[in-house]
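>
Okay, structure coming up:
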């Protein structure tokens, strides 16, 4: 039965409240549970509780206040969540930029036309007032969403607010002067016409809107990955644990428009963690000057949507372990390009290494839950590439069975590859396939099924099965990547090929490897399912070298 506060309300309802609860300094009376009061509240023992009525239950006097504050505080949060996606959307912000240029054009036009065209001037004034009201409401909404202190931390936002309020006052006075008959005083009209020139200052709003557009673009690129949006920061960055941070690539130049600006990332890490952070760059395709992170940068060359070698996973965890043991305040910051696949793979491996999770499945689910912001979308932002999940499983076996030592080598040759449910895939007979086998990121073997170079095809129509026998296949060992390319008009996924998969020969059992459709890279994506049916699978048959 849930513990309660004596009012039928379980304590668990207050888990997210900003009022932390602590035990009372006073011992409980006989027959009653110890009272709990919000941190920072102090009351005498006499006022802590009402005297219980006969046969009744004593209730803390402050309980109704606490409940009221909790539920009142929850209402604005719900409203913010509803209006924030609209107000802070890319389309809304871009519309604001268009209105700025429109309003400036209207002001210039009003200054150029003659006083005889009163109807045109009135129309321009009304349009300008409408635009001013739009921006005034826009500022109010942004203050409501971001909070007063956070919004006005930016000098651009302060200038923006002054300009918006000033423009609204001038436009209102200008129209009121016409409606109220103040036009009989020519000097007043001239003054108001000249004051409207300050609307030209609104062009500086473009700078503020450009900054917001950058934020919106970054949010679009990062999709619903959990972001860090406190203390004036807005970064595609997630605390997976208190000491493990996942983020997207810290960029500069044009890429900083839609990814984490490297300067902001460095500022955040220096502010929050000082000399106690270390960055791990997993991108093989891109790097940066390590000086910006005080040379505390480790580089691992992992290709996009691919896996590290098994030996690299052990090197990585040993390096992280050494860094973490130096100081309890030390944290690690891991990134690839999007901060999802390669990043999630290495973080899940580290979580298994530290014993926080025993199985790969638990670790992968936890990372996905932490990286995904389900308040904006339910799209999964964890590790999706099947080979990456497979290597997390390999590491779990390394720890449980091999005590974090590389297993003995198991060399093989591939005798044949069987493809099940082949009908409807390209030509349906395999003649449009080319197969490449990579080891150590180099092509060790390839065959062309169209002219049957280094291979021979056997098609079993009755069982919907294609068998590709390999000839002259070299000995394979350790980390292996197999790519299937197609000349037919079928969907292509990552790497420009139909599908691929990675495995380590040390974990091959009974001379075979069987993979279902969802265990093959690229084929786990729904866009491929029109061609590759749900019963599509492949099986590799190995022989001794």
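In the working numbering, the protein residues as written are 83 to 627.
Glycine is no exception: its CB is placed at the ideal position from the N, C-alpha and C atoms.
Note that this is a predicted model, so its numbers are computed, not measured.
1. Quick check for students: name the residue ranges of the beta strand (DSSP E) that lie wholly in the stretch 394-452, counting only runs of 3 or more.
2. Pick out the complete beta strand (DSSP E) segments inside the stretch 558-592, 3 residues or longer, and give them in chain order.
3. Spatial neighbours of residue 78 within its chain, please: C-beta separation below 8 angstroms, excluding the five flanking residues on both sides.
4. If I follow the unbroken beta strand (DSSP E) through residue 377, where does it start and stop?
5. With distances taken Cα to Cα, identify the nearest neighbour of residue 402 among 528, 422, 555, 381.
6. List the residues that DSSP assigns as beta-bridge partners of residue 521.
7. Just to confirm my understanding: we take residue 619, look at its own chain, exclude 5 residues before and 5 after, and list those with CB closer than 6 angstroms. What are they?
8. So, are the CB atoms of residue 473 and residue 395 less than 8 angstroms apart?
9. CA-CA distance, residue 462 and residue 189?
10. Give the straight-line distance between the Cα atoms of residue 509 and residue 613, rounded to the nearest whole angstrom.
11. If distances are taken between C-alpha atoms only, which option among 574, 562, 621, 589 comes closest to residue 606?
12. Does the distance from the C-beta atom of residue 58 to that of residue 564 stay below 8 angstroms?
13. Anyone know if the C-beta pair for residue 587 and residue 492 falls short of 8 angstroms?
14. Counting Cβ pairs closer than 8 angstroms, one from the stretch 431-441 and one from the stretch 342-358, do we hit at least three?
15. I'd like the span of the beta strand (DSSP E) that includes residue 549, first residue to last.
16. Can you check which of these residues, 356, 430, 370, is closest to residue 413 by C-alpha distance?
17. What is the rounded straight-line gap between the Cα of residue 497 and the Cα of residue 552?
18. Counting only the same chain and skipping the five closest in sequence on each side, list residues whose C-beta sits under 6 angstroms from that of residue 527.
19. Is residue 540 helix, strand or coil by DSSP?
20. Drop a sphere of 10 angstroms on the beta-carbon of residue 545, count the other beta-carbons inside from all chains shown, and report buried for 16 or more, exposed for fewer.
21. So, helix, strand or coil for residue 310, using DSSP?
22. By Cβ distance, which residues of its chain are closer than 8 angstroms to residue 621, with the 5 residues on each side in sequence left out?
23. Suppose you measure from the CA of residue 361 to the CA of residue 475; what does that come to, to the nearest Å?
24. So residue 500 is in the alpha helix (DSSP H); what residue range does that whole segment cover?
25. The beta strand (DSSP E) spanning residue 532 covers which residue range?
26. Using the Cα positions of residue 235 and residue 226, report the straight-line distance between them to the nearest angstrom.
27. Around the C-beta of residue 616, are 16 or more other C-beta atoms found within 10 angstroms, so that it is buried, or is it exposed?
According to the structure shown:
1. The qualifying runs are 413-417.
2. As far as the stretch 558-592 is concerned, its whole beta strand (DSSP E) runs of at least 3 residues are 561-568, 581-586.
3. Here the chain comprises residues numbered 83 to 627, so residue 78 is not present and cannot be evaluated.
4. No residue range can be given for residue 377, since it is assigned to no beta strand (DSSP E) and is classified by DSSP as neither H nor E.
5. 381
6. 524
7. 502, 598
8. yes
9. 48 angstroms
10. 11 angstroms
11. 574
12. Beyond the ends of the chain as shown, which are 83 and 627, falls residue 58; an answer cannot be given.
13. yes
14. no
15. Residues 547-552.
16. 356
17. 6 angstroms
18. 519, 555, 556
19. strand
20. exposed
21. If DSSP states are grouped into helix, strand and coil, residue 310 belongs with the strands.
22. 499, 500, 502, 594, 595, 596, 597.
23. 24 angstroms
24. That residue, residue 500, is in no alpha helix (DSSP H); its beta strand (DSSP E) goes 495-502.
25. Careful: residue 532 lies outside any beta strand (DSSP E) and carries neither H nor E.
26. 14 angstroms
27. exposed
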